Amino acid sequence: MIDLNEKIVQALNDQIAYESFASSFYLALAYWCDDQALEGCKKFFLRQSDEERMHMLKIYEYMSESGVLPVTPAIEQPPVKYNSIQEAFNKVFEQERKVTAAIHNIVKMSDELRDYNTLNFMQWYVEEQREEEAAIRTILDRIKVIGEGGQSLYYIDKEVEKINDLIVAAEGEAE
Ligand code: FEO
C-alpha cells in the first residue's frame, strides 16, 4: 500500500470528475453529430467517450490500490447543441487543454511532494493528452483547409472518420 498525500487524493478525485465530464461531453457530442447526419464524427466521439471513461477508471484503480476510496463525482450536464462542427471542435480543443493543465498540475504537485508513484502513474496521462491534442489540432487544420463551401460538411466528416480509423488502428498495434 502507498501513502497518498491528502492534496494528491483531492487532485486525483478532481481528475476523476474531469475525465467523467469529458466522457459525458463526448457522448453528448456523438449524438449531436448523429442528429446532424455526421456519421464519421459520431464514431470519433463515441470512441473518445469510451476512452475518457477508461481514463477515469484507471484513476479509480490507482487510488484503490493505494488504499484510498475514490469519490464518484456528480454528473454535470454537458452542452447538447452547437452552431456548427467548427464550433464543436473548438470546444473540444478548449476542453482538452483544460484537462492537460489539470494533469500537468498533478505532475508538478507529485514532484514537489516527492510522490514518485503518482509522478510515474501520471506519465501515461501526459502522453495520452499530447496525442489527443495533436489529433484535434490536425482536425482543426483540415477543417480550415476544407473551408465552408457547399459540400464542406461531407468532406469534414470523411476526414474525421479517416483520423478516427488511424487512431483505432494505432491502438490495435499498441495492444
Ligand atoms: Fe482524458 Fe482527454 O482527457
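Residue 284 is where the sequence shown starts when you use the working numbering, and the numbers rise one by one after that. Just so it is clear, CB atoms sit at the ideal spot from N, CA and C, and this is done for glycine as well. None of the values given here were measured: they were computed from a predicted structure.
- For Ser303 and Ile358, the gap between their C-alpha atoms comes out near 8 Å.
- Ligand 1 never approaches His387 closely enough for any of its heavy atoms to be under 7 Å from the residue's Cβ.
- Contact between Val292 and Val351 holds: CB atoms are separated by about 6 Å, below the 8 Å threshold.
- Taking non-hydrogen atoms of ligand 1 into account, the C-beta of Ala320 is found less than 7 Å away from none of them.
- Three or more Cβ pairs closer than 8 Å define a contact, and the region 324-337 meets that threshold against the region 441-453.
- DSSP, reduced to helix, strand and coil, places Leu329 within a helical segment of the structure shown.
- With distances taken between CA atoms, Arg420 lies nearest to Phe376 out of Phe376, Glu458 and Asp394.
- Judged by DSSP secondary structure, Gly455 falls within the alpha helix (DSSP H) whose first and last residues are Ser435 to Ala457.
- DSSP assignment within the region 325-401 yields the following whole alpha helix (DSSP H) runs of 4 residues or more, N-terminal first: 368-395.
- Tyr437 counts as exposed, since fewer than 16 other beta carbons sit within 10 angstroms of its beta carbon.
- Contact between the region 312-321 and the region 408-428 is absent, with fewer than three C-beta pairs closer than 8 Å.
- The beta carbon of Ala305 sits closer than 7 Å to at least one heavy atom of ligand 1.
- Using a 10 angstroms sphere on the CB of Val443, the tally of other CB atoms reaches 16 or more, which defines it as buried.
- Spanning the alpha carbons of Arg425 and Asp440 requires a straight line of approximately 11 Å.
- The closest heavy atom of ligand 1 lies 7 Å or more from the beta carbon of Val351.
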